[in-house]
Amino acid sequence: MKEYKKDDLLTVSITDMDAEGQGIGKDDGYTIFVKDALVGDEVKVKIMKAKKNFAFARLEEVVTPSPYRVAPVCEHHRRCGGCQVQCLSYRAQLDFKQNKVRNNLIRIGGLEAETVDGCMEPIVGMEEPFRYRNKAQFPVGTDKEGNPVAGFYAQRTHAIIPNTDCVLGVSENKEILELILSFMKETGLPAYDETSGKGVVRHILIRKGFESGELMVCLVINRDSFKGEDELAKRLMKIPGMASVTLSVNKERTNVIMGTQIRLLAGKPTITDVLGGISFEISPLSFYQVNPVQTVKLYGKAVEYAGLTGKESVWDLYCGIGTISLFMAGKAGKVYGVEIIPEAIEDARRNAERNGFANTEFFVGKAEEVLPEFYENAAEQDKEDMLHPDVIVVDPPRKGCDEACLDTMLKMQPERIVYVSCDSATLARDLKVLCGGGYELKKVCCVDMFGHTMHVETVVLLSQQKPDDVIEVEIDLDELDLTSAESKATYKEIQEY
Ligand code: SAH
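Numbering (this note's numbering), first residue to last: 49 to 545.
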C-alpha cells in the first residue's frame with residue numbers, strides 16, 4: 049500500500065458519510081475522512097493527520113459537486129458544530145438516514161434484507177426543515193473590541209461564533225438576545241470568561257411553546273445576582289409572548305450549562321406547551337423534546353404500533369417526563385413508566401394529574417433494575433397485568449437497553465414491543481437479542497427530528513411469535529403414501545397435533 053503523510057494532496061470520490069457527517073472516500077483501499085465533503089462529491093483534499101489505515105483530510109476544492117449538493121442557508125455552517133450536512137439536499141439527507149438504519153438492521157441486527165425491506169415504512173421528514181427547535185442555549189462571551197456576544201461554539205472548541213439568528217431556532221431568539229446584549233453593554237454587565245472564571249453572564253436559555261406561543265428566558269450567571277436584573281426582566285417581559293424570566297446560578301468551572309437552582313425574576317416559573325392535545329409544564333431544567341412537530345409524529349407512530357384498544361397494560365421504560373406514557377394512557381388500560389431521574393418522574397406524575405390520567409403509575413430507577421426486581425418480587429402477587437403486560441415500550445438513550453432489561457422484557461412476554469431509538473446501531477444490537485428471544489420484526493419507521501444533522505429517530509414494532517404463526521398446510525390424509533417410513537412418521541405427527 050502507498051505511504052500517506054501529512055500535507056499530501058489527493059483527489060478522492062466521496063462514497064459514504066460517517067456519524068458526524070464527514071465524507072468518507074477511498075484511495076487505493078486507504079480510507080480518508082473529509083469534513084464538509086458530501087456523498088457524491090469528487091474533492092481535492094489535503095491530509096492533516098495520517099494513520100496506518102486511515103487519514104483525516106481538509107477539503108481544498110470540490111472538483112465535481114455531488115448531485116445532492118445545495119447552497120447553504122447559513123453562512124456559519126462550516127464553522128458551527130450545529131448543522132453537519134446543511135449542504136446536502138433535505139431529500140438526500142432523508143434517504144441517507146433511511147439507508148443507514150436499513151444497513152444497521154441488516155449488518156448489526158443480523159436481519160434478512162428482505163425482511164427489513166418488507167417492514168420499513170417511508171421516512172417521515174419535516175415539512176419545513178428550518179426553525180424547528182423550540183429550545184436553544186447560547187453561550188455568551190466578549191469579542192476583540194470588548195463587546196458582549198452570543199452565538200455558538202465552533203465545532204469541537206469553545207470559541208464563540210457570534211450568531212443571534214440560528215436558522216434552526218425560532219425567530220424570536222434574535223430580539224431576545226439583542227435586547228440582553230445591548231443591556232449588558234449599556235450597564236457594563238460583563239460576559240463570563242471560561243479561561244479566567246471571571247465575569248457574569250454564561251449562557252442564555254430560550255424556550256418557546258410552539259402551540260401555546262409562550263416564551264421563556266433563563267440567564268445562567270456566575271454569581272447570585274447582578275445589578276439591574278429587575279430592569280432587564282421588565283424589558284424582556286415587553287416582548288410579545290414572554291411568559292417567564294428566570295436566573296440560574298452556576299459558579300462551577302464546568303461544561304455543564306445550567307446551575308441546579310432557578311430563581312424567578314418575572315412572569316411564571318414555568319411555561320406550558322401542548323403536544324398532541326396533552327399539556328406539559330416545562331421549567332428551565334425539564335427535559336422536553338426539542339422538535340415538537342416531529343415529536344407528535346414520532347409518538348403517534350409509537351401509539352399506532354402499540355395497537356391499543358383501551359384495555360391494554362403498557363410499560364413505558366425510559367419514560368422521561370412521561371410524554372410517551374401520556375400519549376398511550378388515553379388509549380390503554382394502565383400505563384407504568386420507569387425513569388432514572390427523580391425530577392423527571394415528579395414532572396411525569398404532575399403531567400399525568402393535570403391531564404387527568406389516573407391510569408398511570410411512575411417508578412424512579414434504572415430500567416435494568418426496576419424491571420427485574422419487580423418481576424422477581426411480584427411473581428406471587430396479583431399483578432398479572434404488570435408481570436405480563438400487553439405492550440412494552442422502550443425509548444433508551446444512545447447506548448440502548450441493558451441486557452438485564454432485555455432479559456426481563458423477554459420473560460414478561462408482552463404481545464408487542466415498541467422500540468423507539470435515537471441510535472440505530474444499538475437498536476440493531478438489541479433487536480438481535482429480542483428477535484433471538486421469540487419476537488419478530490413487523491414494522492420500522494424512521495422519523496427525522498433533527499434536520500441538517502446526522503441523527504435520526506426510529507420506531508420499531510416487534511410481535512411475539514406464536515405457535516399459530518406456523519404456516520398451516522392442509523394435507524389430505526388419504527393422499528399420503530403411507531408406505532415410506534418418513535410418511536408414517538409425518539402421519540403420526542399430524543394425528544398427535
Ligand atoms: N421517552 C422520553 C425520554 C426519552 S430520553 C421522551 O420521549 O421524552 C431517554 C430517557 O432515559 C432520559 O429521560 C434518561 O434520563 C432516561 N434514562 C437513562 N438511562 C436510564 C436507565 N438506565 N433507566 C431508566 N431511565 C434511563
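From the three backbone atoms N, C-alpha and C, an ideal C-beta is built for every residue, glycine too.
Near the ligand SAH: residue i beta-carbon under 7 Å from a heavy atom
{"i": "ASP443", "result": "yes"}
{"i": "GLU387", "result": "yes"}
{"i": "GLN141", "result": "no"}
{"i": "ALA45", "result": "The displayed coordinates of the chain run from 49 to 545. Any statement about residue 45 would go beyond what the structure contains."}
{"i": "GLU505", "result": "no"}
{"i": "CYS493", "result": "no"}
{"i": "LYS414", "result": "yes"}
{"i": "GLY348", "result": "no"}
{"i": "ILE208", "result": "no"}
{"i": "ALA98", "result": "no"}
{"i": "ALA291", "result": "no"}
{"i": "GLY257", "result": "no"}
{"i": "TYR366", "result": "yes"}
{"i": "ILE287", "result": "no"}
{"i": "ALA30", "result": "Any question about residue 30 goes unanswered here, given that the chain covers just 49 to 545."}
{"i": "THR371", "result": "yes"}
{"i": "ALA396", "result": "no"}
{"i": "ALA392", "result": "yes"}
Best match in the options for proximity to residue i [C-alpha to C-alpha]
{"i": "PHE498", "options": "GLY173, VAL87, GLY158", "result": "GLY173"}
{"i": "VAL439", "options": "HIS503, GLY315, TYR353", "result": "TYR353"}
{"i": "GLY199", "options": "ILE254, VAL338, CYS493", "result": "ILE254"}
{"i": "MET376", "options": "GLY194, GLU505, MET168, LYS359", "result": "LYS359"}
{"i": "VAL304", "options": "MET285, LYS233, GLY315, ARG250", "result": "ARG250"}
{"i": "VAL344", "options": "GLU505, PRO288, ALA396", "result": "GLU505"}
{"i": "ALA207", "options": "GLY217, ILE224, VAL188", "result": "VAL188"}
{"i": "GLY385", "options": "GLY378, ALA396, GLU391", "result": "ALA396"}
{"i": "GLY157", "options": "PRO444, ASP471, ASP272, ARG402", "result": "ASP471"}
{"i": "ASP443", "options": "TYR467, TRP363, HIS436, ARG117", "result": "TYR467"}
{"i": "ALA400", "options": "LYS414, PHE422, ASP430, GLY368", "result": "GLY368"}
{"i": "GLY324", "options": "GLY257, ILE80, PRO390, ASP143", "result": "GLY257"}
{"i": "PRO170", "options": "VAL149, PHE186, GLN185, ASP89", "result": "VAL149"}
{"i": "LEU267", "options": "VAL293, GLU259, GLY261, CYS214", "result": "VAL293"}
{"i": "ALA161", "options": "GLY348, VAL492, ASN195", "result": "VAL492"}
{"i": "PRO445", "options": "ILE389, GLN146, THR205, LYS282", "result": "ILE389"}
{"i": "HIS500", "options": "TYR347, ALA392, GLN141", "result": "GLN141"}
{"i": "VAL351", "options": "LYS145, VAL508, ARG301", "result": "VAL508"}
{"i": "LYS275", "options": "GLU234, GLN146, VAL197, PHE102", "result": "GLU234"}
{"i": "ILE546", "options": "ILE228, VAL218, ALA281, SER327", "result": "No answer is possible for residue 546: the residues shown for the chain start at 49 and end at 545."}
{"i": "GLY194", "options": "GLY247, GLY370, LEU136", "result": "GLY247"}
{"i": "SER230", "options": "PRO196, ASP433, LEU313, PRO462", "result": "PRO196"}
{"i": "PRO113", "options": "VAL441, GLU488, ALA85", "result": "ALA85"}
{"i": "MET290", "options": "GLU262, LEU312, LEU313, ASP278", "result": "GLU262"}
Residues that residue i bridges to, as DSSP identifies them
{"i": "ARG311", "result": "LEU295"}
{"i": "GLU488", "result": "SER511"}
{"i": "ARG464", "result": "VAL439, SER511"}
{"i": "GLY1", "result": "Any property of residue 1 remains undetermined from this structure, which presents the chain solely from 49 to 545."}
{"i": "CYS494", "result": "THR506"}
{"i": "THR320", "result": "GLU329"}
{"i": "MET290", "result": "LEU263"}
{"i": "LEU365", "result": "VAL386, VAL442"}
{"i": "LEU57", "result": "LYS94"}
Closer than 7 Å: residue i CB and nearest the ligand MG heavy atom
{"i": "PHE335", "result": "By its list of ligands, the structure shown excludes the ligand MG, since it contains just the ligand SAH."}
Sequence-distant residues of its chain with Cβ nearer than 7 Å to residue i (five each side left out)
{"i": "ASP55", "result": "LYS94, ILE95"}
{"i": "GLN543", "result": "Low confidence applies to GLN543: its pLDDT is 47, below 50, so where it sits in the model is not reliable enough to give any reading."}
{"i": "ALA452", "result": "GLU416, PRO420"}
Close-in-space but distant-in-sequence residues of the same chain around residue i (CB under 6 Å, 5 per side omitted)
{"i": "PHE411", "result": "VAL386, VAL418"}
{"i": "SER469", "result": "LEU475, THR506"}
{"i": "LEU216", "result": "ARG181"}
{"i": "THR538", "result": "For THR538, the pLDDT reaches just 49, beneath the cut-off of 50, and the residue's location in the model is therefore unreliable, although a value from the coordinates is still provided. If we look at THR538 and ignore the five residues flanking it on each side, it has no Cβ neighbours."}
{"i": "SER260", "result": "THR320, ASP321"}
{"i": "THR205", "result": "none"}
{"i": "GLN203", "result": "GLY129"}
{"i": "ASN339", "result": "TYR180, MET497"}
{"i": "PHE104", "result": "PHE81, MET96, LYS97"}
Spatial neighbours of residue i in its chain, beta-carbon cut-off 8 Å, leaving aside the 5 residues before and after
{"i": "GLU51", "result": "none"}
{"i": "LYS53", "result": "ILE95, ALA98"}
{"i": "GLN309", "result": "SER296, VAL297"}
{"i": "ARG283", "result": "LEU227, PHE231"}
{"i": "GLU223", "result": "ILE287"}
Within-8 Å CB hit, residue i to chain D
{"i": "ILE208", "result": "Any reference to chain D falls outside this structure, which holds one protein chain only."}
Query raised in the report: What are the uninterrupted segments assigned as alpha helix (DSSP H) that are 4 or more residues long and contained completely in the region 86-116, given in chain order?
Result: Qualifying alpha helix (DSSP H) stretches: none in this window.
Query raised in the report: Can you list the alpha helix (DSSP H) stretches of 4 or more residues lying completely in the region 119-203, in chain order?
Result: Entirely contained in the region 119-203, the alpha helix (DSSP H) runs reaching 4 residues are, in chain order, 138-155, 161-167.
**Report entry** Every unbroken alpha helix (DSSP H) within the region 191-270, with a cutoff of 4 residues, ordered by chain
**Finding:** If we require 4 residues or more, the alpha helix (DSSP H) runs fully inside the region 191-270 come out as 220-235.
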